[in-house]
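**Student:** Per the working numbering, the sequence shown starts with residue 237, numbered consecutively.
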Amino acid sequence: MPRTPTTELASYLLAGRLASRGCLRLQSQATRRPAPASLQHALPAQTRRLHASAGIEAPPQPLAPSTHAVPLRKMLKEQAKAAKALNKGKKKQTNADRQTVPGWELTVGIEIHAQLNTSRKLFSPAPIPPASRAPLANTLVAPFDLAVPGTQPVFQPGTLVPAVRAALALNCDVRRVSRFDRKHYFHWDQPTGYQITQYYEPLAVNGYLELRARDGIAPQDIPGDGGGALRVRIKQVQMEQDTAKTLARPDGEGEVDYRYMPDPDLGPIVVGDDVVAHLRDTLGVMPDEEMDDLVASYGLSETDAHALMLLDDGGRLEFYYKVVDALEARIAEASGATSAENAVVVDLQSRILAANWILHVLGSLTSENNVRDRAATGLEPRGLEVTPEGDAFIRPADMADILFFLHSGRIRQGTAKDVLFAVFNGTVPQHYLDDAPDGGGCGIERYIEEKSLWFAELSEDGYVSLAESVLDAEERVLEEFLGGEQYPERKLMFLVGQMMRSEARDRLDPAKVQRVMREVVDKRIACMRP
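#1: Asn442: which of Ile470, Lys320 and Ala319 sits nearest, CA to CA?
#2: Count the other CB atoms within 10 Å of the CB of Thr283; is the residue buried (16 or more) or exposed (fewer)?
#3: With three or more C-beta pairs closer than 8 Å as the rule, is the region 396-414 touching the region 505-522?
#4: Tell me which residues share the same chain as Ala465 and place their Cβ nearer than 6 Å to its Cβ, disregarding the 5 neighbours each side in the sequence.
#5: Return the CA-CA distance between Pro504 and Leu372, expressed in angstroms with no decimal places.
#6: Quick one: measure Cβ to Cβ for Pro398 and Asn353, integer angstroms, because I've assumed they're closer than 8 Å.
#7: Which whole-angstrom value describes the C-beta separation of Leu502 and Phe416, a residue pair presumed to lie in contact below a C-beta threshold of 8 Å?
#8: Can you check DSSP and say which residues form a bridge with Trp340?
#9: Report the residue from Thr387, Pro427 and Cys408 whose alpha carbon sits nearest the alpha carbon of Asn374.
#10: Less than 6 Å between C-beta atoms, sequence neighbours within five positions excluded: which residues of the same chain meet that for Ser289?
#11: Out of Arg760, Arg450, Tyr557 and Phe691, which one is the CA nearest neighbour of Gly626?
#12: For Pro632, which option in Arg648, Thr433 and Leu656 has the closest C-alpha, if you only look at C-alpha atoms?
#13: Take Ala740 as the anchor and find which of Leu714, Leu702 and Ala454 has the nearest alpha-carbon.
#14: Out of Ile432, Ile346 and Ala591, point me to the one whose CA is closest to Ala383's CA.
#15: Nearest-angstrom Cα distance between Leu530 and Ile348?
#16: Please work out which residues of its chain come closer than 8 Å, Cβ to Cβ, to Glu681, disregarding the five sequence neighbours upstream and downstream, and give them in chain order.
#17: What residue range is occupied by the uninterrupted beta strand (DSSP E) comprising His420?
#18: According to DSSP, is Leu447 part of a helix, a strand, or is it coil?
#19: Report the rounded CA-to-CA distance for Pro438 versus Met475, giving the unit in angstroms.
#20: Please state the DSSP three-state secondary structure of Asn442.
#21: Indicate whether Val507 and Arg412 have their beta-carbon atoms separated by less than 8 Å.
#22: Is it the case that the Cβ atoms of Ser586 and Glu564 are separated by a distance below 8 Å?
#23: Between which two residues does the beta strand (DSSP E) containing Tyr430 stretch?
#24: Could you pull out every unbroken alpha helix (DSSP H) segment of at least 4 residues lying fully inside the region 366-424, listed in chain order?
#25: Just tell me which of Gly650, Leu707, Ala541 and Met753 has its CA closest to the CA of Ile588.
#26: Reducing DSSP to helix, strand and coil, say where Arg743 ends up.
#27: To the nearest angstrom, how far is it from the Cα of Pro338 to the Cα of Gln434?
#28: Go ahead and label Met764 buried or exposed: buried means 16 or more other beta carbons lie within 10 angstroms of its beta carbon, across all protein chains shown.
#29: Consult DSSP for Val356 and reduce its assignment to one of helix, strand or coil.
#30: Opposite Pro498 in the DSSP bridges: which residues?
#31: With Lys326 as the anchor, note down where its beta strand (DSSP E) starts and where it stops.
#32: What span of residues does the alpha helix (DSSP H) with Lys558 cover, start to end?
#33: Relative to the C-alpha of Glu710, which candidate in Arg760, Trp690 and Leu694 has its C-alpha closest?
#34: Please report the straight-line C-alpha distance between Asp634 and Gly551, rounded to a whole angstrom.
#35: Excluding five sequence neighbours on each side, which residues of the same chain lie with their C-beta closer than 8 Å to the C-beta of Glu704?
#36: At the level of alpha carbons, what is the spacing between Ala370 and Lys357?
Okay, structure coming up:
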């Protein structure tokens with residue numbers, strides 16, 4: 237049997253060096269040569285019997301170490317350095333670039349299990365366990381669930397309506413006839429030895445979902461210019477019984493033979509076209525449609541619209557709708573506008589104002605600072621208590637009243653926040669709000685009147701006088717307006733800020749302050765120029 241020289245083998249195993257290139261086995265065979273005849277006769281008889289051949293190998297001569305020998309680990313390290321140097325200066329690949337292979341497209345299929353919102357199980361009258369608490373084991377079961385001999389599955393009609401609605405929401409084609417099949421496999425929580433599913437004729441097919449950039453899709457994955465939608469296909473929607481189990485499948489799961497067969501104990505499910513049409517008409521507004529409507533009809537950004545839809549499980553959005561309805565009714569009643577164009581402008585302004593307050597200011601009521609302030613005054617922490625129907629501790633009508641006075645300019649933003657916090661903390665007497673017609677209206681107005689919180693704006697002469705006094709104290713700033721090619725807007729805003737910090741700040745309108753200050757500065761500059 238050919239042997240590798242010991243020195244060569246030790247050099248490779250211990251140091252990772254090869255004295256020469258090529259296969260070790262071939263090298264060992266190349267070093268074999270017949271032993272001299274004299275040496276054969278000199279060997280003892282016992283030694284000769286141990287070898288099958290007539291000769292033995294001569295003691296191997298150690299090979300001279302090669303000057304080109306390089307440890308394998310060092311060789312790989314040098315190759316990595318060379319590849320890194322070659323790519324130096326090239327554009328760094330993004331995660332999206334690393335995930336693509338030219339000529340290939342990755343297609344991933346996902347199977348999603350979702351429990352229908354029903355009161356009973358799919359094939360037995362046993363009740364569904366409540367989501368709030370887990371029931372005791374084997375308490376919510378029927379004889380069929382235990383596979384008692386002689387029991388048969390009974391399809392519960394109440395599960396069909398939510399299943400069809402789910403299929404319609406996923407843009408699927410609901411089949412007129414669907415059937416149930418048996419999927420055979422063993423599981424210790426499945427006494428029948430099979431699962432009832434829909435394999436050959438499912439409930440619905442050919443659905444899709446459209447994902448946009450707001451859903452987190454990268455622009456390069458969206459067809460066209462990135463402003464459209466990526467359509468994800470849905471092969472089918474099927475009804476099946478499930479025990480909420482998690483199975484560890486061996487490799488090659490696709491090769492398992494489940495021996496699908498039609499279930500002989502269950503008849504077909506026939507869904508009429510009139511039923512599908514009725515469920516489609518009563519399906520309601522889909523999330524994507526509602527998002528588009530909030531952006532187009534209410535003037536909201538996609539970020540604000542998405543936040544409203546998610547907060548309080550949709551309750552914050554219902555609260556927003558109620559506030560907008562009450563606010564627009566107050567605006568229409570007070571203005572008596574007959575121009576449709578003006579009405580649209582007012583609606584958009586009020587809707588954007590309501591969204592900003594409901595998202596940001598209303599959330600600050602439960603901030604840590606307000607919680608500490610309530611604790612300092614002996615009040616317990618309190619939440620907004622928003623319900624799915626859109627009701628909250630702050631009534632929509634009261635919120636609309638505060639926004640109405642702010643929108644009409646009768647109170648300033650700081651005053652509006654103070655009134656909102658007063659309502660939340662209980663500073664506003666409850667009988668003020670209870671005596672208000674329809675739960676709102678005069679209650680907030682009465683509180684503002686008693687506290688003298690109305691915005692008493694300065695006269696035009698008062699604005700001019702205040703601007704003159706600010707300029708007298710900041711005469712050096714006027715030099716910036718004399719030279720230069722561009723108008724120094726930043727210096728003008730500095731003067732506006734000084735004016736807003738005066739003692740009369742609660743009686744100033746920021747837009748009018750900027751206008752008056754600009755006019756006064758222009759007059760001063762005109763007098764200073766030769």
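Here a beta-carbon is modelled for each residue, glycine too, at the ideal position from N, C-alpha and C.
**Tutor:** Considering the structure as presented:
#1: Ile470
#2: With a pLDDT of only 43 at Thr283, under 50, the local geometry of the prediction cannot be trusted, and no value is derived from it.
#3: yes
#4: Glu446 and Arg448
#5: 34 Å
#6: 6 Å
#7: With 8 Å as the limit, Leu502 and Phe416 qualify as a contact, their Cβ atoms being about 4 Å apart.
#8: Val337
#9: Checked all of Thr387, Pro427 and Cys408; the closest Cα to Asn374 is Pro427.
#10: Its pLDDT being 42, under 50, Ser289 is placed unreliably in this model, and the coordinates cannot settle the point.
#11: Tyr557
#12: Leu656
#13: Leu702
#14: Ile432
#15: 29 Å
#16: Cβ neighbours of Glu681 beyond the five flanking positions: Asp637 and Phe641.
#17: Asp417 to His420
#18: strand
#19: 7 Å
#20: In the displayed model, Asn442 falls within a strand according to three-state DSSP.
#21: At a Cβ-Cβ threshold of 8 Å, Val507 and Arg412 count as neighbours.
#22: yes
#23: Tyr430 to Thr433
#24: 396-405
#25: Cα-wise, what sits closest to Ile588 is Ala541.
#26: helix
#27: The alpha-carbon atoms of Pro338 and Gln434 are separated by roughly 38 Å.
#28: So Met764 counts as exposed.
#29: Note that residue 356 corresponds to Arg in the displayed sequence, not to Val. In this structure, Arg356 counts as strand in the three-state DSSP scheme.
#30: Asp417
#31: Note, Lys326: premise wrong, no beta strand (DSSP E); not H, not E.
#32: Gly551 to Ser571
#33: Arg760
#34: 17 Å
#35: Val756
#36: Computed Cα separation, rounded: 16 Å.
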